[in-house]
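**Q** So in numbering that gives the first Met the number 0, spot 214 of the sequence shown is number 213, and the numbers just go up one at a time.
The C-beta atom is built at its ideal place from N, Cα and C for all residues, glycine as well.
Quick caveat, the model's predicted, so the values are computed rather than measured.
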Amino acid sequence: MQPDQPMFDAKAWQLTSQQQELTARARHIGQTKFAGRAADYDARAAFPTENYNDLFDANLMGICIPKEDGGEGASFLTYALTAAEIGRYCGATALTWNMHVCSTLWSGLLTDDLEMDDSTRTMHKQNRSVHYQRILTEGAIYSQPFSEGSSAAAGATAFATIAHKVEGGWRVNGKKIFASLAGHANYYGILCTQTTDENTELSRRNTIYLAVPAASQGVTVQGKWDPVGMRGTVSRTLIFEDVFVPENATLMPAGIYFQAAKRWPHMFMTLTPSYMGIAQAAYDFTVKYLRGEIEGTGPVKRRQFATKQIAVAQMRIMLEQTKTLWFQSMSEACANPSKDQLMRAWAGQYTTMENANEIAQLAIRTCGGQSMLKTLPLERWYRDSRCGSLMLPWTAELCLDMLGKGCLYERGETDD
Ligand SMILES: Cc1cc2nc3c(=O)[nH]c(=O)nc-3n(C[C@H](O)[C@H](O)[C@H](O)COP(=O)(O)OP(=O)(O)OC[C@H]3O[C@@H](n4cnc5c(N)ncnc54)[C@H](O)[C@@H]3O)c2cc1C
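Written out as structure tokens, the structure is:
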């Protein structure tokens, strides 16, 4: 098998040696293992367990765990480039791996940039080390079920899942919908509102990020999972009924997620790499298909038709636009970005999520009827890519909303 070319050429995009090495590692297992399994996970809406074993063997489960804790210490951009390579081969694996990795990226690199008093930081570093060791030595898998079907995951209201402070930890009650990795993660990293007594105000400022052991008493997985796309994510509903969670379960202390969402907003772009990878895959497939190089589709070449050439040119332009804006906005991720950087991040998120689906639909139209058969991956990328724009808090709609207001108003400005 001829190895695939990197999505981002090392020289052209000035990748570091670590970026080249990690992306090559991901591309190798993606091409040799994940690509061949993706159709089956999709057909059965089954979790990609074998892929997770491979990710563990390739030392990629701890990609964003700081080096001092034994991980690869990858930066935000390095992680994103690696995840995009996985997205080329299996969208559901890339998207769920994102939930796992963000549990370490957000509690790691991100919190290092945020304000905490010394004792909180010491405690946070001790707690996160417990999570990191589980991942590195026991192969623990973490997920990030935040959504509740309300506007909480959009950042507009407090989470209705309550973590009530009790001796030695918390009692958690609530429900999370679209909980990717439900029934497959070992720890569910949930955002809850912390309360100390009945009079505690339910405020977004009191959000706490807790890793609930999946095997805890009171945790149940409910509902069927039979969606149009990203079927291998197994995003079923989680119910928490009087679940006791110990003190060291925090992934972020109370108040820090609220600070992170405001001061490190690029954290929400971590959902994009999976879709960046799908966009690349759909384009690459189209080129091969039109050249008559896809196995099992006959020796027919279609590239000589001007209509096909124009269509593939449109796809290439859209792919270049997406990659360039995505790479630039991912490179700018930092604490306290300027308004201009934040607006570019929204534009990058919108562009990646919408263009991935647009490129996939153009790929089907351009290749033609036979290309949409279930024996080929195009129709799966088309379905998977549709999911990107729905991901809160930066859905395509919310990006447009924030960007439109941001273009026309300065902070505090009104029309009154
Ligand atoms: C394949 C897949 C996997 C997923 N995995 C996860 C996961 O692991 N973890 C997780 O937390 N979520 C996950 N999600 C959920 C996703 O992030 C969204 O929360 C979900 O798609 C929202 O569905 P909804 O029907 O409630 O959407 P919507 O109705 O679009 O939005 C939900 C709420 O957000 C608010 N809202 C919407 N638009 C606006 C607006 N313009 N202004 C203000 N508020 C607004 C409203 O209150 C609305 O009720 C996943 C989704 C998919 C499709």
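Counting Cβ pairs closer than 8 Å, one from the stretch 199-206 and one from the stretch 113-122, do we hit at least three?
**A** As far as the Cβ criterion goes, the stretch 199-206 does not touch the stretch 113-122, which means the pair count is below three.
**Q** What runs of the alpha helix (DSSP H), each 4 residues or longer, lie entirely inside the stretch 287-369?
**A** You should have 305-330, 338-366.
**Q** Buried or exposed: tyrosine 208, going by 16 or more other Cβ atoms within 10 Å of its Cβ?
**A** Classification for tyrosine 208: buried.
**Q** Does valine 211 pass the burial test, meaning 16 or more other C-beta atoms within 10 Å, or should it be called exposed?
**A** With 16 or more Cβ atoms within 10 Å of its Cβ, valine 211 is classed as buried.
**Q** Could you check where the alpha helix (DSSP H) with leucine 54 kicks off and where it finishes?
**A** Unbroken alpha helix (DSSP H) run through leucine 54: 48-56.
**Q** Spell out the partners DSSP gives cysteine 191 in its beta bridges.
**A** Partner(s): Ile207.
**Q** Give the range of the alpha helix (DSSP H) segment to which lysine 261 is assigned.
**A** Start and end: 255-262.
**Q** Work out the CA separation of arginine 382 and glutamine 308 for me, nearest whole Å.
**A** Near 25 Å, if we compare the C-alpha coordinates of arginine 382 and glutamine 308.
**Q** If you reduce the DSSP assignment to three classes, tell me which class tyrosine 381 lands in.
**A** Correct three-state label for tyrosine 381: helix.
**Q** How would you write the range of the alpha helix (DSSP H) that methionine 371 sits in, first residue to last?
**A** No alpha helix (DSSP H) contains methionine 371, which DSSP labels as neither H nor E.
**Q** Taking the DSSP output, what are the residues bridged to histidine 163?
**A** In DSSP, histidine 163 forms a bridge with Arg170, Thr194.
**Q** Is glutamate 396 a contact residue of ligand 1, with contact defined as CB to any heavy atom under 7 Å?
**A** Yes; taking the cut-off as 7 Å, the Cβ of glutamate 396 has a heavy atom of ligand 1 nearer than that.
**Q** Using 8 Å for Cβ pairs, my map puts arginine 301 next to leucine 318. What's the rounded Cβ distance?
**A** At roughly 19 Å, the Cβ-Cβ gap does not stay under 8 Å, so arginine 301 and leucine 318 are not in contact.
**Q** With a threshold of 7 Å on Cβ separation, who are the neighbours of alanine 93 within its own chain once the five nearest residues in sequence on each side are excluded?
**A** So the list reads Ala82, Ile85, Gly86, Pro272, Ser273, Gly276, once near-sequence residues are dropped.
**Q** Excluding the five sequence neighbours on either side, which residues of its own chain have a C-beta within less than 8 Å of the C-beta of isoleucine 64, listed in chain order?
**A** These residues qualify, in order along the chain: Gly70, Glu71, Gly72, Thr103, Gly107, Tyr131, Ile134, Leu135.
**Q** In the DSSP assignment, what residue or residues form a beta bridge with tyrosine 186?
**A** Its beta-bridge partners are Tyr141, Pro212.
**Q** Can you give me the start and stop residues for the beta strand (DSSP E) that glutamine 416 sits inside?
**A** This structure gives no information on residue 416, because the portion of the chain shown stretches from 0 to 415.
**Q** Decide if isoleucine 189 is buried, meaning its Cβ has at least 16 other Cβ atoms within 10 Å, or exposed.
**A** Label assigned to isoleucine 189: buried.
**Q** Bridge partners of valine 244, per DSSP?
**A** Beta-bridge pairing links valine 244 to Trp169.
**Q** Give the DSSP-derived three-state secondary structure of glutamine 221 in the structure shown.
**A** DSSP places glutamine 221 in strand when its eight states are reduced to three.
**Q** With valine 171 and alanine 162 assumed to form a contact (beta carbons below 8 Å), what rounded beta-carbon distance in angstroms separates them?
**A** That belief holds up - the Cβ atoms of valine 171 and alanine 162 are roughly 5 Å apart, short of 8 Å.
**Q** Do threonine 160 and glycine 173 count as a contact pair if the criterion is CB distance below 8 Å?
**A** Yes; because the gap between Cβ atoms is below 8 Å, this pair is in contact.
**Q** Please confirm if the stretch 339-352 is in contact with the stretch 279-286, defined as three or more CB-CB distances below 8 Å between the two stretches.
**A** Too few Cβ pairs lie closer than 8 Å, so no.
**Q** Please confirm if the stretch 108-119 is in contact with the stretch 247-262, defined as three or more CB-CB distances below 8 Å between the two stretches.
**A** The stretch 108-119 vs the stretch 247-262: in contact.
**Q** Below 8 Å, can you find three or more Cβ-Cβ pairs linking the stretch 342-361 to the stretch 398-405?
**A** The answer is yes - the stretch 398-405 touches the stretch 342-361, with three or more Cβ pairs under 8 Å.
**Q** In terms of residue numbering, what span does the beta strand (DSSP E) encompassing threonine 249 cover?
**A** 249-251 is the extent of the beta strand (DSSP E) around threonine 249.
**Q** With DSSP as the reference, label alanine 42 as helix, strand or coil.
**A** Helix at alanine 42.
**Q** Can you check which of these residues, Ala139, Thr306, Tyr186, is closest to alanine 248 by C-alpha distance?
**A** Answer by Cα proximity: Tyr186.
**Q** Checking 8 Å against the spacing of the C-beta atoms, do threonine 0 and threonine 31 come in under that value?
**A** According to the sequence displayed, residue 0 carries methionine and not threonine. Yes.
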